[in-house]
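Quick note, the sequences are listed as chains A and B, same order.
Residues 362 to 667 (my numbering) are what the first sequence spells out, left to right.
Residues 4 to 359 (my numbering) are what the second sequence spells out, left to right.
This report refers to the structure that appears directly beneath it.
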Amino acid sequence: MVEILLDATIRAGTPILFATLGAILNERAGIINLGIEGLMLIGALAGFAGTFTSGSPLIGVVAAFAAAFVAGGIHALITVQLRGNQIVSGLALTMFGIGITALFGRTMVGETITGLERVAIPGLAQLPVVGRAVFSQDLLIYTSFVLVFALWFFFYRTRVGLALRTVGENPAAADTCGLSVSCYRFFAVTIGAGLVGIGGAYLSLAMTPMWIENMSAGRGWIAVALVIFSGWSSQRALLGAYLFGGITAMQLRFQAVGTDISTHILQMLPYAFTILVLVVSTIRLQKGAGQQPQSLGLPYDREDRK
Amino acid sequence: MKKALIPVLLAVFLCVGVSAWAADKQIKAGFVYVGPVGDAGWTFAHDEGRKEMEQLPFVEPSTFIESVPEGAESARVINGLVRRGHNLIFTTSFGYMDATIDVAARNKDVIFMHCSGYKTAENVSTYFGRMYEPRYLSGIIAGSMTKKNIIGFVAAFPIPEVIRGINAFTLGVRSVNPEAQVRVVWTQTWFDPGVERDAADSLLDVGADVLAMHQDAPATLQAAEARGAYVIGYNSDMRHFAPNAFLTAPVWNWGALYTRLATEVHNGTWKSEQIWSGLKENLVDLAPLSERIPEDVRNLVQERTEAIKAGTFHPFSGPLKDRDGTEIVAAGQVMSDADMLSMNFFVEGVHGTLSK
Numbered sequence: 362m363v364e365i366l367l368d369a370t371i372r373a374g375t376p377i378l379f380a381t382l383g384a385i386l387n388e389r390a391g392i393i394n395l396g397i398e399g400l401m402l403i404g405a406l407a408g409f410a411g412t413f414t415s416g417s418p419l420i421g422v423v424a425a426f427a428a429a430f431v432a433g434g435i436h437a438l439i440t441v442q443l444r445g446n447q448i449v450s451g452l453a454l455t456m457f458g459i460g461i462t463a464l465f466g467r468t469m470v471g472e473t474i475t476g477l478e479r480v481a482i483p484g485l486a487q488l489p490v491v492g493r494a495v496f497s498q499d500l501l502i503y504t505s506f507v508l509v510f511a512l513w514f515f516f517y518r519t520r521v522g523l524a525l526r527t528v529g530e531n532p533a534a535a536d537t538c539g540l541s542v543s544c545y546r547f548f549a550v551t552i553g554a555g556l557v558g559i560g561g562a563y564l565s566l567a568m569t570p571m572w573i574e575n576m577s578a579g580r581g582w583i584a585v586a587l588v589i590f591s592g593w594s595s596q597r598a599l600l601g602a603y604l605f606g607g608i609t610a611m612q613l614r615f616q617a618v619g620t621d622i623s624t625h626i627l628q629m630l631p632y633a634f635t636i637l638v639l640v641v642s643t644i645r646l647q648k649g650a651g652q653q654p655q656s657l658g659l660p661y662d663r664e665d666r667k
Numbered sequence: 004m005k006k007a008l009i010p011v012l013l014a015v016f017l018c019v020g021v022s023a024w025a026a027d028k029q030i031k032a033g034f035v036y037v038g039p040v041g042d043a044g045w046t047f048a049h050d051e052g053r054k055e056m057e058q059l060p061f062v063e064p065s066t067f068i069e070s071v072p073e074g075a076e077s078a079r080v081i082n083g084l085v086r087r088g089h090n091l092i093f094t095t096s097f098g099y100m101d102a103t104i105d106v107a108a109r110n111k112d113v114i115f116m117h118c119s120g121y122k123t124a125e126n127v128s129t130y131f132g133r134m135y136e137p138r139y140l141s142g143i144i145a146g147s148m149t150k151k152n153i154i155g156f157v158a159a160f161p162i163p164e165v166i167r168g169i170n171a172f173t174l175g176v177r178s179v180n181p182e183a184q185v186r187v188v189w190t191q192t193w194f195d196p197g198v199e200r201d202a203a204d205s206l207l208d209v210g211a212d213v214l215a216m217h218q219d220a221p222a223t224l225q226a227a228e229a230r231g232a233y234v235i236g237y238n239s240d241m242r243h244f245a246p247n248a249f250l251t252a253p254v255w256n257w258g259a260l261y262t263r264l265a266t267e268v269h270n271g272t273w274k275s276e277q278i279w280s281g282l283k284e285n286l287v288d289l290a291p292l293s294e295r296i297p298e299d300v301r302n303l304v305q306e307r308t309e310a311i312k313a314g315t316f317h318p319f320s321g322p323l324k325d326r327d328g329t330e331i332v333a334a335g336q337v338m339s340d341a342d343m344l345s346m347n348f349f350v351e352g353v354h355g356t357l358s359k
C-alpha cells in the first residue's frame, strides 16, 4: 500500500513539479509568469502531436519544450524587451494557450498514441518500497529528479546562476557589472517556459496518453502557488508538488479501500493543507527565509535608474 | 354548378397553399454548449446530434457556441443567437435554465429547448434522458464479466443524476451476481483526466477487475486498458481508447431527439412539454457490445432491453431497499419520476461514502 501510494504521489506530482521549476526559473530572473496554465496546455498539445506524427515520445517531449519555449518568447518579448505589465501579459498568455490549443488540437481529439513507458533501473528497481515508486518510472520522472538538483546547482554553484539571481534581485547592480539584464531575463523566461511545457507533455504522454481540450485542469495555477510555497527553491518545489499530488492520491485511495471517513473531510484535505502551507510559509517568510527576488515583477529600464 | 366549384377550388387551393407555406418553415438552429466540442464526452455527443439534425432538408446550417459559462453571462449569448435569426435554440446545460426562460419570455416567436432543467414556458420545453436504463443494462454485463466480484465506479459528484446511475448499475450487477460489490470513488470534478486516471487506478489497486464511470473524459478507459481490466464507458462510444478492455457504454443519442424536434417545429406540431425519454424513444442506448461478452449475457441484455422498452420491466421496481435496509419502494410498485429525480441513497451492494 505504501509503495502504491508513493508511486501514485510521484506520478501525480510530476507535471506540477516541472511547471513549478519552470516558474521558479522565470521568477529568479525577476519575471512573474501567470501564463503557466496556458504554457502547460501548449506543451501538452505539442507533445501529443509530436508523438502522434513521429511515433516517438522523446520527439514529443522535444516538441513540447520547443513550442512552450516559443510561446514563452512572447511573454519575454512583452515583459523584457517592451517592459510591459507582467501580470497582464501572463494572464493573456494563459488565455492564448487555452484558445490556440483548442483550435489546433481539434484534429488530435480521439487519437491514441503509445505514451512514455516505465523503465526499470536494474538492481535498484528491486528495492523494497522505493523500488517501484522511484526506480521504475518513466524517463521524464528521472529527468525531474535530476532537474531539481541541477537547478539548485545552477543557482548556487555556478557563475551564470549567481548572475541570474543578481538580475532578479537588483538588475541595476547587475547592469553596472556589465551583465546583460535583458539577455538573462529573456532566456530565463523562455527556458523556464520550456520546462513548463514538459510538465504539460507529462500529462498528455504519460499520465493520460491522449489530447483533450483544457486537460491541465488548473494544474498551472497550483504551480503558481507552489512557487511561493517553495520560497523559490527547487528542493522545496519537489516537496510541495509531491504533497499536493500525494494528498489527492491518498484521498482517492481512502475512498477505494472503503474507509468510513466522511467525503466532506476528504474533500477538505487539499484546501486545509493549502491554508496550513500559507501559515507555515508566512511564518518562515517573517523569519527571513525564502524571500522573493527583490525586483520580482518590476521591469528594468536603464534610463530609470534612481 | 360551375360557379359553386370555383370558390371550393379556391378554398382548397388556399388551404394547400397555406399549409404548404407553413410546412415550408425553414429551421435555423442555434446550440449553446457548456464545454468544447472536443471534450470527447458530453458536448461532443450533443454536437453529433446537431450534425445529424442538419441532414434534414429543411434545416439550414446551424450555429453552435462552445464553452459558454453557466449563469447570467449565457443570456447574452442566447440573445445573440435570437438576434441573428435563429428560430430553434438548444441550451445544453442545467445552468442555462434561468437565462433561457428570460430570453424566451421576450422572444415568443422563437422556440427554446433546455436540457436537464425543470422550468418550461409556452415556447420553452425541457429535455433529458433516462440514462439509468442503459446503466442498468451495462450493470448486467459488468456483473457477468467480473471474476473477483469487485467492480469500481469512478463518479463525479454525489448529485441525484450520478447516484441514480450508480444505483441502476448496481441493481443490474446484483441481478446476475448477488455476491458482487460496487466500489465508488468520488473525484469531485466532471473533467480532470489526471484525477480520473488516479481514481481509476486506486480502484484497480483494491482489486476491481471491471470499471465503470460517470465522467466527461476517457481516462478511466485508459487505466483499465493498461492494467488488463474491463471497462464500461459513458457519453459516447469510446472504444478506440481501450480496444481490449472496452465492453460497452451507455451513450446519448441526441440526434434522434433533435431530428424529431426539428421536424415538429417544421410541421407546426411542436408543443411545450417536459421530455424525459429513454431506450424506447432511442434517446439513450448501449454502444455495440464487445465480442468478449458471452452469448447468454448478450441474450439477457437483449431480453431486458425489450422488457424496458415494452414497459414491462423497470430498474427501480419494488421491493427496493437502501443499503441500511430501509424500504424505499414497496413490492409491486415502481419508483416515481419525482423520487428518481431527487434520489439520495445507495442500494445494497454499493460501497462508498454518501452524506445525507
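In this text, a Cβ means the ideal position worked out from N, Cα and C, and glycines have one as well.
Item, Value
"Are ALA203/B and GLY132/B touching if we call contact CB-CB under 8 Å?", "no"
"With 8 Å as the C-beta to C-beta threshold (strictly closer), list the residues of the region 551-577 of chain A near chain B in chain order.", "LEU564, MET568, THR569, PRO570, MET571, ILE573, GLU574, ASN575 and MET576"
"Which chain E residues sit within Cβ distance under 7 Å of LEU613/A?", "The question asks about chain E, but that chain is absent: this structure's protein chains are A and B."
"Does chain A have any CB closer than 8 Å to the CB of LEU72/B?", "The sequence shown places Pro at residue 72/B, not Leu. It does not; no Cβ of chain A falls within 8 Å."
"Classify ALA23/B as buried or exposed, calling it buried when 16 or more other Cβ atoms lie within 10 Å of its own Cβ.", "At ALA23/B the pLDDT is 42, less than 50, meaning the model places this residue with poor confidence; the figure from the coordinates comes in the next sentence. Counting Cβ neighbours within 10 Å, ALA23/B comes out exposed, since fewer than 16 surround it."
"Indicate whether at least one CB of chain B lies closer than 8 Å to the CB of VAL470/A.", "yes"
"Looking at the secondary structure, which residues open and close the alpha helix (DSSP H) in which MET216/B lies?", "Premise fails: MET216/B lies in the beta strand (DSSP E), 213-217, not in any alpha helix (DSSP H)."
"What residue does the beta strand (DSSP E) around VAL35/B start on, and which one ends it?", "32-35"
"Which partner residues of GLY132/B appear in the DSSP bridge assignment?", "SER280/B"
"Have a look at GLY484/A and THR462/A and give me their C-alpha separation to the nearest angstrom.", "41 Å"
"Determine which residues share a DSSP beta bridge with GLY155/B and list them.", "ARG186/B and LEU214/B"
"How many Å lie between PRO318/B and TYR139/B at the Cα?", "7 Å"
"For THR356/B and chain A, any beta-carbon pair shorter than 8 Å?", "yes"
"I want to see whether chain B comes within less than 8 Å of GLN498/A, judged by CB atoms only; does it?", "no"
"Please classify GLU574/A as buried or exposed, where buried requires at least 16 neighbouring CB atoms within 10 angstroms.", "buried"
"When you compare each of GLY411/A, ALA524/A and GLY658/A to LEU540/A by their alpha carbons, which one comes out closest?", "ALA524/A"
"By the 10 Å Cβ neighbour count, where 16 or more other Cβ atoms means buried, how is TYR121/B classified, buried or exposed?", "exposed"
"Between ARG663/A and chain B, is any beta-carbon pair separated by less than 8 Å?", "no"
"Considering only residues of the same chain and omitting the five flanking positions on each side of GLY44/B, which have a CB-CB separation below 6 Å?", "ASP219 and ASN238"
"Flag SER623/A as yes if its beta-carbon sits less than 8 Å from any beta-carbon of chain B, otherwise no.", "yes"
"Whose Cβ in chain A lies nearer than 8 Å to the Cβ of HIS217/B?", "Here the premise fails: no neighbours, minimum Cβ distance about 15 Å."
"Please work out which residues of its chain come closer than 6 Å, Cβ to Cβ, to MET338/B, disregarding the five sequence neighbours upstream and downstream, and give them in chain order.", "PHE319 and VAL332"
"Please name the residue, chosen from ILE403/A, PHE457/A, VAL431/A and ALA410/A, that lies closest to MET571/A on a Cα-to-Cα basis.", "ALA410/A"
"In the DSSP assignment, what are the bridge partners of ASN238/B?", "VAL254/B"
"Is the number of C-beta pairs between the region 438-452 of chain A and the region 541-555 of chain A that are closer than 8 Å three or more?", "yes"
"So GLY41/B contacts chain A; which residues on that side make the cut at Cβ distance below 8 Å?", "ALA463, GLY466, ARG467, VAL470, ILE573 and GLU574"
"In three-state terms, what does DSSP make of ARG71/B?", "Here residue 71/B turns out to be Val, not Arg, going by the sequence shown. Three-state result, VAL71/B: coil."
"In chain order, what residues of the same chain lie with their CB nearer than 6 Å to the CB of ALA369/A, ignoring the 5 residues before and after it?", "ALA610"
"On the DSSP bridge list, what partners appear for HIS117/B?", "THR94/B and THR129/B"
"Please confirm if PRO322/B has its CB atom under 8 Å from at least one CB of chain A.", "no"
"Please compile the residues from chain B whose C-beta is within a distance smaller than 7 Å of the C-beta of TYR399/A.", "A small fix is needed here, since residue 399/A is Gly in this sequence, not Tyr. Under the 7 Å cutoff, chain B gives no residues; its nearest Cβ is about 15 Å from GLY399/A."
"Quick one: residues in its chain with C-beta nearer than 6 Å to the C-beta of GLY374/A, no 5 flanking neighbours on either side, listed in chain order?", "ALA602, TYR603 and GLY606"
"In angstroms, rounded to a whole number, what distance separates the CA positions of PRO532/A and THR519/A?", "18 Å"
"Using the Cα positions of GLY492/A and ASP208/B, report the straight-line distance between them to the nearest angstrom.", "17 Å"
"Thinking just about the alpha-carbon of each residue, which of ILE502/A, THR468/A, PHE426/A and TRP593/A is nearest to the one in GLY529/A?", "TRP593/A"
"Leaving aside the five residues before and after ALA535/A along the sequence, list all residues of the same chain whose C-beta is less than 8 Å from its C-beta, in chain order.", "ALA524, THR527, VAL528, VAL542 and TYR545"
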